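3 is the number of the first residue of the sequence shown in this note's numbering; add one for each residue after it. Think of the CB as a built atom: it goes at the ideal place given N, C-alpha and C, for glycine as much as any other residue. Predicted model, so just to flag it, every value in this text is computed and none were measured.
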Amino acid sequence: MEVRNDSFATGQTGGHVEKNLGLLLHASSYFSLSSTWNPLSKIMATPSQTIPIWQVDAFTERAFGGNPAAICLLDSAVDGEWMQQVAAEMNLAETAFVVPSDAKDSFDLRWFTPTTEVDLCGHATLAATHVLIEQRRVEANCPIRFQTRSGELVCQQIGSKIALDFPATAANESLDPVVIDECQSALGITATFAARTKFDILLVVDDPQTVRELKPNFMALANIVTRGIIVTARGDEQGIDFISRFFAPQSGINEDPVTGSAHCCLAPYWYACLGRDRLVGYQASSRGGMVYTELRGDRVQLSGNAVTVMEGRLWTTP
3 MEVRNDSFAT GQTGGHVEKN LGLLLHASSY FSLSSTWNPL SKIMATPSQT
53 IPIWQVDAFT ERAFGGNPAA ICLLDSAVDG EWMQQVAAEM NLAETAFVVP
103 SDAKDSFDLR WFTPTTEVDL CGHATLAATH VLIEQRRVEA NCPIRFQTRS
153 GELVCQQIGS KIALDFPATA ANESLDPVVI DECQSALGIT ATFAARTKFD
203 ILLVVDDPQT VRELKPNFMA LANIVTRGII VTARGDEQGI DFISRFFAPQ
253 SGINEDPVTG SAHCCLAPYW YACLGRDRLV GYQASSRGGM VYTELRGDRV
303 QLSGNAVTVM EGRLWTTP
């Protein structure tokens with residue numbers, strides 16, 4: 003394993019740790035993987051066949067903060083089952099797979115948790131944009147277009163941050179009172195507002211300290227049918243308009259450190275409460291992260307920083 007100090011970060015420098023994923027037998031001086039007697043040569047890739055992968059902390063200016071995502075750059079589309087296996091191996095909230103399309107600065111993008119493919123993921127999109135810029139796959143400050151299961155998403159570096167143009171998701175679907183009771187019981191809260199979005203359940207509480215101190219019953223939450231559960235309150239610190247946490251044991255993630263897609267719902271909700279289209283959200287997980295939001299009609303611009311913390315190669319091919 004080699005530790006490098008020549009790192010690049012959007013908004014701040016940070017260390018890279020380069021490692022080879024899979025069996026590291028290729029590093030040994032005692033034999034070669036291409037040797038005819040070595041059975042591993044039949045199941046592992048040669049150096050020219052390995053696939054680059056990065057781990058990026060999104061929505062943070064420092065390493066080990068924000069939300070980590072693995073970003074895999076592919077030359078062409080591959081089987082979804084292989085992507086799911088890689089995501090399970092990485093065991094992060096999301097692993098994103100980026101494939102160039104025919105148009106300039108346009109890519110196909112898919113996101114996987116360790117257990118399932120998801121329709122939308124903000125932090126892994128920010129991380130993918132960061133890697134493409136860092137690796138000079140696109141020109142800095144130019145729009146990047148991702149084709150996804152949620153339609154086209156446009157991202158761009160603006161100053162030290164990366165801005166994501168996402169669809170706004172209103173919390174306007176009524177929630178069964180039984181489900182509200184199940185959520186409140188599992189979280190140990192009393193919600194002042196509860197509704198469902200296209201993806202998640204939104205619960206609002208009066209006290210931001212309640213959000214910070216939540217200790218959910220994840221087994222109980224896992225029985226509630228939804229992608230995830232957002233708990234939010236108005237901010238009580240300078241420069242922070244609202245705070246939130248996001249729980250998704252149903253998707254294989256007990257708590258997501260920073261959830262960009264949840265802010266597609268939080269931005270319009272808090273706009274209606276506070277009357278301002280530019281708001282700053284803090285996600286109060288143990289890692290913590292800042293999301294800068296701007297409501298633009300039926301779209302939300304989410305902005306944040308990112309830091310690369312690891313670079314490696316997959317020694318297995320689709």
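Roughly how many angstroms lie between the CA atoms of residue i and residue j, to the nearest whole one?
i, j, result
"E154", "R147", "7 Å"
"P210", "Y284", "11 Å"
"W84", "E141", "30 Å"
"V302", "P145", "16 Å"
"P320", "D77", "12 Å"
"C123", "F244", "20 Å"
"L268", "V133", "27 Å"
"C275", "F195", "12 Å"
"F114", "L316", "16 Å"
"T318", "Q51", "8 Å"
"R289", "A308", "14 Å"
"L26", "R112", "A caution first: L26 carries a pLDDT of 36, below 50, which makes its placement in the model unreliable, though a value can still be read off. Going from the Cα of L26 to the Cα of R112 covers about 28 Å."
"R138", "V180", "51 Å"
"P41", "I53", "Model confidence at P41 stands at a pLDDT of 45, short of 50, so the residue's coordinates are unreliable and nothing is read from them."
"S305", "G68", "13 Å"
"S176", "I182", "10 Å"
"T295", "Y273", "10 Å"
"N143", "G291", "23 Å"
"I135", "G161", "13 Å"
"N219", "G314", "36 Å"
Just to confirm the assignment, what range does the beta strand (DSSP E) spanning residue i have?
i, result
"E296", "291 to 298"
"V101", "96 to 102"
"D258", "255 to 258"
"V309", "308 to 316"
"F148", "146 to 150"
Could you tell me the boundaries of the alpha helix (DSSP H) in which residue i lies?
i, result
"D167", "Careful: D167 lies outside any alpha helix (DSSP H), inside the beta strand (DSSP E) at 163 to 169."
"A111", "Reading the sequence as shown, one finds Leu at residue 111 and not Ala. First-last for L111: 108 to 114, but that is the beta strand (DSSP E), not the alpha helix (DSSP H)."
"V2", "The structure shown does not extend to residue 2, since the chain spans only 3 to 320, so no value can be given for it."
"L189", "179 to 189"
"L134", "124 to 136"
"R331", "This structure cannot settle anything about residue 331, because the visible part of the chain is limited to 3 through 320."
"F220", "220 to 223"
"G82", "82 to 92"
Could you tell me which residues DSSP pairs with residue i in its beta bridges?
i, result
"Q303", "D167, E296"
"Y273", "None, per the DSSP bridge assignment."
"I73", "W56, A98"
"A197", "L204"
"S246", "T234, Q285"
"V120", "W113"
"E175", "R198"
"R280", "E296"
Please report the Cβ distance between residue i and residue j, rounded to the nearest whole angstrom; I am assuming they are in contact, meaning their Cβ atoms lie under 8 Å.
i, j, result
"I242", "V282", "6 Å"
"A173", "A197", "4 Å"
"Q149", "D178", "No, Q149 and D178 are not in contact; Cβ-Cβ is about 35 Å, not under 8 Å."
"A89", "P116", "6 Å"
Stretch-stretch touch, CB-based, cutoff 8 Å, three pairs: the segment 298 to 315 with the segment 224 to 236: no
Check whether the segment 263 to 278 touches the segment 200 to 216, taking contact to mean three or more Cβ pairs, one atom from each stretch, closer than 8 Å. yes
Pair every Cβ in the segment 86 to 100 with every Cβ in the segment 156 to 176, then say whether three or more of these pairs are closer than 8 Å. no
Are the segment 126 to 136 and the segment 53 to 63 touching by the rule of at least three beta carbon pairs closer than 8 Å? Contact holds: three or more Cβ-Cβ distances are below 8 Å.
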